[in-house]
Each structure stands twice: as C-alpha cells, then as structure tokens.
Amino acid sequence: MLKAVILIGGPQKGTRFRPLSLDIPKPLFPVAGLPLIQHHIEACVTIEALQEILLIGYYPVSQIQPFVNEMQQRYDVNIKYLQEYTALGTAGGIYHFRDQIRLGNPDAFFLMNGDICADFTLEALYVSHKSKGTKALVTIMGTEATKQQSLNYGCMVTNKDTDEITHYVEKPSSYVSALINCGVYCVSLDIFQVIGEAFHSKEQDYYKGNGNANKEAGYIQLEQEILAPLAATGKMFAYQVQSWWAQIKTACAAIYANKHYLELYKSKHPERLSQSITEVGESGDAKCNIISDVYIHPSASIHSTAVLGPNVSVGPDVTIGPGVRIRESIILGHATIENNSLILHSIIGHNCRVGRWARIEGTPSDPDPNKPFAKMENPALFNNEGRLNPSITILGCYVTVPSEMILLNSIVLPNKELNRSFKNEIIL
Amino acid sequence: MATIDKKGMRALILVGGYGTRLRPLTLSRPKPLVEFANKPILLHQIEALVEAGVTEVILAVSYHAEDMEKELSVEADRLGISIVFSHETEPLGTAGPIALARKILSKSTEPFFVLNSDIICDFPFKELEQYHKNHGKEGTIVVTKVEEPSKYGVVVYKDNGQIESFVEKPQEFISNKINAGIYILNPSMIDRIELKPTSIEKEIFPGMAQSGQLFAFELQGFWMDIGQPKDFLTGMCMYLKALRQREPERLYQGPGVLGNVLVDPTARIGADCQIGPDVTIGPGAIIQDGVRVQRCTILKDAKIHSYTRVENCIVGWECTIGKWVTIEGMSVLGKDVIVKDDVYINGGQVLPHKCIAASVPEPSIVM
Numbered sequence: 001m002l003k004a005v006i007l008i009g010g011p012q013k014g015t016r017f018r019p020l021s022l023d024i025p026k027p028l029f030p031v032a033g034l035p036l037i038q039h040h041i042e043a044c045v046t047i048e049a050l051q052e053i054l055l056i057g058y059y060p061v062s063q064i065q066p067f068v069n070e071m072q073q074r075y076d077v078n079i080k081y082l083q084e085y086t087a088l089g090t091a092g093g094i095y096h097f098r099d100q101i102r103l104g105n106p107d108a109f110f111l112m113n114g115d116i117c118a119d120f121t122l123e124a125l126y127v128s129h130k131s132k133g134t135k136a137l138v139t140i141m142g143t144e145a146t147k148q149q150s151l152n153y154g155c156m157v158t159n160k161d162t163d164e165i166t167h168y169v170e171k172p173s174s175y176v177s178a179l180i181n182c183g184v185y186c187v188s189l190d191i192f193q194v195i196g197e198a199f200h201s202k203e204q205d206y207y208k209g210n211g212n213a214n215k216e217a218g219y220i221q222l223e224q225e226i227l228a229p230l231a232a233t234g235k236m237f238a239y240q241v242q243s244w245w246a247q248i249k250t251a252c253a254a255i256y257a258n259k260h261y262l263e264l265y266k267s268k269h270p271e272r273l274s275q276s277i278t279e280v281g282e283s284g285d286a287k288c289n290i291i292s293d294v295y296i297h298p299s300a301s302i303h304s305t306a307v308l309g310p311n312v313s314v315g316p317d318v319t320i321g322p323g324v325r326i327r328e329s330i331i332l333g334h335a336t337i338e339n340n341s342l343i344l345h346s347i348i349g350h351n352c353r354v355g356r357w358a359r360i361e362g363t364p365s366d367p368d369p370n371k372p373f374a375k376m377e378n379p380a381l382f383n384n385e386g387r388l389n390p391s392i393t394i395l396g397c398y399v400t401v402p403s404e405m406i407l408l409n410s411i412v413l414p415n416k417e418l419n420r421s422f423k424n425e426i427i428l
Numbered sequence: 001m002a003t004i005d006k007k008g009m010r011a012l013i014l015v016g017g018y019g020t021r022l023r024p025l026t027l028s029r030p031k032p033l034v035e036f037a038n039k040p041i042l043l044h045q046i047e048a049l050v051e052a053g054v055t056e057v058i059l060a061v062s063y064h065a066e067d068m069e070k071e072l073s074v075e076a077d078r079l080g081i082s083i084v085f086s087h088e089t090e091p092l093g094t095a096g097p098i099a100l101a102r103k104i105l106s107k108s109t110e111p112f113f114v115l116n117s118d119i120i121c122d123f124p125f126k127e128l129e130q131y132h133k134n135h136g137k138e139g140t141i142v143v144t145k146v147e148e149p150s151k152y153g154v155v156v157y158k159d160n161g162q163i164e165s166f167v168e169k170p171q172e173f174i175s176n177k178i179n180a181g182i183y184i185l186n187p188s189m190i191d192r193i194e195l196k197p198t199s200i201e202k203e204i205f206p207g208m209a210q211s212g213q214l215f216a217f218e219l220q221g222f223w224m225d226i227g228q229p230k231d232f233l234t235g236m237c238m239y240l241k242a243l244r245q246r247e248p249e250r251l252y253q254g255p256g257v258l259g260n261v262l263v264d265p266t267a268r269i270g271a272d273c274q275i276g277p278d279v280t281i282g283p284g285a286i287i288q289d290g291v292r293v294q295r296c297t298i299l300k301d302a303k304i305h306s307y308t309r310v311e312n313c314i315v316g317w318e319c320t321i322g323k324w325v326t327i328e329g330m331s332v333l334g335k336d337v338i339v340k341d342d343v344y345i346n347g348g349q350v351l352p353h354k355c356i357a358a359s360v361p362e363p364s365i366v367m
C-alpha cells in the first residue's frame, strides 16, 4: 500500500502569486481548468496501490475542505486535509502528522510540493525507490537545469552508477550541480526516525533558548535539515526525469503551467480539449474557432465568431462575446468578455468584466527555448531602477475594464473599476 | 483648356517645399494633394477661390512634381480656370513668390488673393474682397481668434480694422487675433517686395501697417493650420463640425455611426462597427465587421480587418490593417503599410510599404 502527501503551505506563503492568491488559496488556483493540486491528485490516483492522499498545510479548514470533499467524490479515494497549527516547514508538517501517515503501514509515501507542476511519473519513481533496497529512505525526483538557474534550487551530486546522492546543497551561491530537486519524493517510513532526531535536538535548543525563537520548536526544513545531512550515507537516491517540470512561484508561471498541462491533456485527457469547428465538422458541438490547445468549461458561453487559443483555459459560467480573441491566457469563472476585445498573455480574475474593443496584453516570461534544460525565470516584480518589469497582465477578481481601454503589462488588484488605460503599472 | 475670363481675379497659393511636417504621408504624395476630408488640401482652397470669382491660380512651388502638375491641370479643366506653376529656383519665403509672379499678378489693377497652403477654414473670399474694396487701402489680412496667443505673432488693430502693429509671441496679453495666412492685396504693393527670400509677415506687412495701408478682416468660424498630423486631425474635427451645420446631408448616416462622419460612397463598412465621432473614410476603403474607428482619417483604398480599433490616427493609402489590431496615439501610417494581426501601435510614424509584425507600444518612427 502507498500513500501521498501534498504540502500546500498557507496564506503567508505564495505572496509572489498575488493578486491571484488574495481571494483563492494558491494551491486551488485553476490551471488548465483544474485547481493546481488537482493535477497532483490526478497523478496519484493513477497508481493502483495508492490508498490515501493527505494534504498538509495551514490554510483554514474552511478554505480547503470543500475542495477535498469534491476530490473525494470525484476520484473515489481517501483524501484528508491536515491543518498545521502554524507553519511547520516542509519536514515539520509531515513529522507532526507522522501517525496519520504511518497508519495502515504503507510501504512508502510520495511527498510532493504543492507549488510545482509536472508530468509526474510517480510509478517509475516508486519502482526506482524500491530497487534501491530497504536501506533507501528517500528517492528524489531530479531534473537538469542550466548552470545559472540551478542556483535557485536544491542541487544534487550523484554517483552515476548507483544514483546515490553524494552531496546535497539547497540554493548554493556558486555552481554545484545542474541536477536539481523537483520537490517530488518517494519516502520510506523510517524517515520519521531521522526527522525525530532532528526534532529532538532542536527541541532541546529551543527550550534552552539557543534556538531561533522566531520559529516554532517543531519547525523543520526538509531540504536543509534532513536531506543535506542524508547525502553520502547510502540512504538517499535521485531519480532523474526528462519530462516537463516547473515551479509555480509567480503568476507568470501559471500561464506557463497552463500551456503545458493543456499539452499533456492531448495524450492523457483528449476529451478535455475543445475542438475547432473545422476539426469537428458537422457534429456541431464546437463553440467557436479554436486553435489548440484550449480548455473550455462546459458551462461557459462563447460566441461563434470568437477565436480562442492556443493555450487558453476558460472557467465556468464565463461569457465571451462576438469577435473576441484570446491567446495564451486564463479566464477564471463568471468573467464576461465583451465584443471584439483582445486578451494576450493575461489572467482575468473571476467575475471580471472586460468592455468592448478592450486590449489586455502581457509579456510572457517563458523559458528560453534555445537553451537546453532552461527553466522558467521568476523575475523580480521591479527592476533595479524601481520600475515594474514587463510581465503578464493580471486582473484580480471583480475588476471592470471599460470599453476601448488598453491594459499593458499591468496588475490590477481586486474590486477595481478602471477609468483609463494603464501601461506597466500596478493598480491598487 | 477652358476659356478663361480675363476679368476674373487671381490668387497665389504658397505651396513651398516638400511638406516634411506631414511625413510619412508626403513621402508618397505631394502635400497639396493629400486628402483632407476626402479632398486634396489644395482643392478646398481652389474651389473656394473659384466660387469667389477667381479664374487664375498661381501655385508657388520650390520643387518639381510632374504628377502633381498633371493631376491639377485636370482639376483646372474641370473648374474652367487656369492653374500656373511658379517655380522658385531657391526658396523665396512668403513674400518672394509674389515678386516672382509679378507679371501675372499685375496684369490688372484688381486685387489678388494670397494663401498659405496649409490653412483650412470657411474661406470668406467674397466678403474679404468686399471689405478690402470698402476700406480702399493696399492690403487686408484675415485674422482669427486663438485661445493661447502667446504661442503666435498677434495682430493689433483699431476698431475700424486698421492694423497698428504686429507683436511676436507676446508675454502679456495684448490681442488674441493672429494672422490666419490669408490676404488680399493690391498689385501696387508688389513694389514693396524685392525678388529674394523675404518674409511677408516680418519684412513687408510691418511697413504697410506703418503707412496705414493694412487692414484686418476678422474670420468667422473655424480655422486651422493642418501642416502636421496632430493639427490635421484637429482641423478635420472642426471641418466636420462645420459641415454638420452647413451641409448635414453630406455626412454619413448608418447603424453604428456616432457624431460627424464623412464616408466616400465607394467605401464599404461591415456589420457591428462603431464609426465616429470625427472620422473620414476615403474612396475604395474597406472596413470589415466589428471595427471601431474614432477621430481618424482613413485614406483611399485602405483596408481594416475585423475587430480592430483605430483611434486618433491617419491611415495612409492602400494600407492593410489586420484583425484585433489597436492603433492609437497620433499614429500615422504611410502608403501601403501592412499591420499584422494582434499588433498594438501607439504613436507610430510608419514609413511607406512597411510591414509591422511586432507591437510599437511607445511613440517612435518605424523606418
């Protein structure tokens, strides 16, 4: 039997994802029509031996429970949300809930960071972990990054013959290895002994007053406090993947993740992609002109002269008028896009209203396609001159854009009624 | 050529040089032939002159443009007048061309008109002639009221119209009347001008005013110097407003039309468009479905594809603008410019025959 643990963090995390995370927890932000962590759940439920999925985080239960209930019904699998009493770190959380994870004595469990997106290959990860024998405590899914970008991740040096991780550094200041930690692990239950030792030594420090008084006694970082010391002990291995993987830190990454999850639908869930009129022919269920890949929620209403795609997701109860053009964008639920408007590289929050002939355009920050293994850059919001770096345009929820306005590389906070055009601005 | 009434009046239009201020349009067509409200700028003036009894028009030009001369000789035949080109070997300013054309202008003692070619207004030539003859002096300058006189040279005159002085860019308010660039002059004044580069405003008029020979005629209605794109569009708005009062039947009526819009009968406009206010659409132009046009001049044979929005710009002859394009901010597209789908142009000055595939978000010149 196997289990999965998804670390979803809490409201103090994911601030770089604002304003999208202001009214919806970042793990539930819809990408390719599904909440971000539903893609994790879908990867988990394909594994037959997997019997329980635990979400660990410190969002209020009321924000997560409706989603958990829906997942429970939809996938017929045990799903629980375990709320930490405070932020406990990536290892502190699983240690706190160790009894829940150990219950039923699973062979191992998958541990997944909630803020990543990937073509998860969990089955292969488990097979790899198991092949390393009973000594193996952790197998880390790893992927190759560029030398420069590897500095932003956990870097792993491996023995090429055994896959053992011989050296592990989290976010080094100089180049160590281009093989980086994907934040997806297969973990044996004995890990809790290792975390327990770390916990007890920290506990003693805490009560002697030697510890970092800003953090809880139970706060343990998996990467620095557990994984780094496990290197070269023969208990930690890497499983390298070539498939698509990315972190979702900023809102720009949501557009990038949207594109890749839509692409994965082609092989895994072709029924979720909308078909173009020309492809569908006479069957007549196409709603508009589609340039694949496009996801349209069945309840959305789209005029036949609108042109959508590529890489567009449209949420429930969205209304899209005649002559609208949308490309590389996410339109959240209950939004209304009026006639002849253009939306490029943007995220339109739920219940937004975009007037006629409006132009909403952002600048993508996709990885450099000419560099092998390049990951997405997560540029700072502002450049050295204090000016906003061009990025995607984001409308928070309930934003109104009047007809004929232009919004370029701008971020609009929720509940705002715009009265003019904006370029490269954050609108409070 | 049609018979010419020798008793008719004469007029000199100061066309001058290449019209660089109206580039990139003037790279493809001489400025006097650029269509303002669907008619070449120069024809607005010539037709008004003909109506006032002018039978001989002299165009003072400092360059040769054979196609312009050819095109205007056709118009001359149509109007039954003679159009003479007076070529300057060197630019002679605003007064020199009068001396150069002395032979024609002094054929009779009848007064003649002089016009700057960039002026658009309700040309009051008949009233001007009457006024001029009534006061009996050598010259009359048309003056027009402006809001900010400190940017111009103002004209100071008595209640009876007699001009006392000219003041360049006054810091303190003394008058809000400026020289409108339209004059009527007696042939006798030509003696005041030498055949060399001379400014009529700075070198000739002050002397005439001093000897009490110059009067001011107050222009009623709108006036604009349309020599550069920004003023070209402002002038168009004024012209269309005047047209609304004078000949509203010439304005376009139809679904989705807002305010004053002038559309050539051979232009085609699609469904669900919103056109206006203040738009002129030239012959053969095609506006597809769902297009928004506001405060624009669309010249002959331009084509705007569906769902595009153009505001505050001049779209040159034979341009092709794609779908979901946004053009704004005083952009000027030269002849035969192609703008690809989804592109945004803000304040772009695009030279002829250019293809724009990437957005121009800040004002710039696209070579």
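Protein sequences appear in the order of chains A and B.
Each residue of the first sequence is one higher than the last, beginning at 1 in the UniProt record's numbering.
Each residue of the second sequence is one higher than the last, beginning at 1 in the UniProt record's numbering.
For every residue, glycine included, the Cβ atom is placed at its ideal position computed from N, Cα and C.
As the structure is a computational prediction, the values presented were derived from the model and not from experiment.
To the nearest angstrom, how far is the alpha carbon of residue i from that of residue j?
i: residue 310 of chain A; j: residue 270 of chain A; result: 15 angstroms
i: residue 301 of chain A; j: residue 25 of chain A; result: 26 angstroms
i: residue 463 of chain A; j: residue 31 of chain A; result: Residue 463 of chain A lies beyond the stretch modelled for chain A, which goes from 1 to 428, so this question has no answer here.
i: residue 279 of chain A; j: residue 91 of chain A; result: Low confidence applies here, because residue 279 of chain A scores a pLDDT of 44, under 50, leaving its location unreliable and the question unanswered by this model.
i: residue 351 of chain B; j: residue 118 of chain B; result: 22 angstroms
i: residue 204 of chain A; j: residue 220 of chain A; result: 14 angstroms
i: residue 393 of chain A; j: residue 423 of chain A; result: 10 angstroms
i: residue 344 of chain B; j: residue 365 of chain A; result: 19 angstroms
i: residue 118 of chain A; j: residue 331 of chain A; result: 22 angstroms
i: residue 282 of chain A; j: residue 295 of chain A; result: For residue 282 of chain A, the predicted structure reports a pLDDT of 46, less than 50, and the residue's modelled location is therefore unreliable. The matter cannot be settled from this model.
i: residue 253 of chain B; j: residue 245 of chain B; result: 15 angstroms
i: residue 304 of chain B; j: residue 321 of chain B; result: 5 angstroms
i: residue 171 of chain B; j: residue 157 of chain B; result: 18 angstroms
i: residue 384 of chain A; j: residue 165 of chain B; result: 57 angstroms
i: residue 23 of chain B; j: residue 37 of chain B; result: 18 angstroms
i: residue 323 of chain A; j: residue 98 of chain B; result: 57 angstroms
Less than 8 angstroms between the C-beta atoms of residue i and residue j, yes or no?
i: residue 333 of chain B; j: residue 319 of chain B; result: yes
i: residue 216 of chain A; j: residue 86 of chain A; result: yes
i: residue 368 of chain B; j: residue 113 of chain B; result: The structure shown does not extend to residue 368 of chain B, since chain B is modelled only from 1 to 367, so the question has no answer here.
i: residue 315 of chain A; j: residue 344 of chain A; result: no
i: residue 109 of chain A; j: residue 2 of chain A; result: yes
i: residue 97 of chain A; j: residue 184 of chain A; result: no
i: residue 139 of chain A; j: residue 125 of chain A; result: yes
i: residue 137 of chain A; j: residue 187 of chain A; result: yes
i: residue 376 of chain A; j: residue 265 of chain A; result: no
i: residue 8 of chain A; j: residue 53 of chain A; result: no
i: residue 260 of chain B; j: residue 283 of chain B; result: no
i: residue 20 of chain A; j: residue 347 of chain A; result: yes
i: residue 391 of chain A; j: residue 252 of chain A; result: yes
What does DSSP give as the partner residue(s) for residue i in the beta ladder?
i: residue 470 of chain A; result: Residue 470 of chain A is absent from the model: chain A starts at 1 and stops at 428.
i: residue 225 of chain B; result: B:119
i: residue 309 of chain B; result: B:292, B:326
i: residue 87 of chain B; result: B:61
i: residue 30 of chain A; result: A:35
i: residue 4 of chain A; result: A:53, A:110
i: residue 179 of chain B; result: B:143
i: residue 153 of chain B; result: B:168
Quick one: residues in its chain with C-beta nearer than 6 angstroms to the C-beta of residue i, no 5 flanking neighbours on either side, listed in chain order?
i: residue 161 of chain B; result: 215, 216
i: residue 421 of chain A; result: 405, 406
i: residue 374 of chain A; result: 146, 367, 368
i: residue 4 of chain B; result: With a pLDDT of 45 at residue 4 of chain B, under the threshold of 50, the modelled position of this residue cannot be trusted; read the value that follows with caution. 55, 82, listed in sequence order.
Whose C-beta lies closer than 8 angstroms to the C-beta of residue i among residues of the same chain, with five residues either side of it excluded?
i: residue 353 of chain B; result: 334, 335, 336, 337
i: residue 230 of chain A; result: 137, 138, 165, 168, 194, 236
i: residue 192 of chain B; result: 204, 207, 208
Check whether the Cβ of residue i sits closer than 7 angstroms to any heavy atom of the ligand NAD, and report yes or no.
i: residue 27 of chain A; result: No copy of the ligand NAD occurs in the structure displayed, which carries no ligand at all.
- prompt: In chain order, which beta strand (DSSP E) runs of at least 3 residues are fully inside the stretch 52-124 of chain A?
  reply: 78-83, 108-113, 116-118
query: What beta strand (DSSP E) runs, 3 residues minimum, are completely inside the stretch 144-201 of chain A?
result: 154-158, 165-170, 179-187
Whole runs of the beta strand (DSSP E) within the stretch 336-408 of chain A, excluding any shorter than 3 residues: 342-344, 346-348, 359-361, 393-395, 406-408
query: At which residue ranges does the stretch 7-58 of chain B contain complete alpha helix (DSSP H) runs of 4 or more residues, listed in the order of the chain?
result: 41-51
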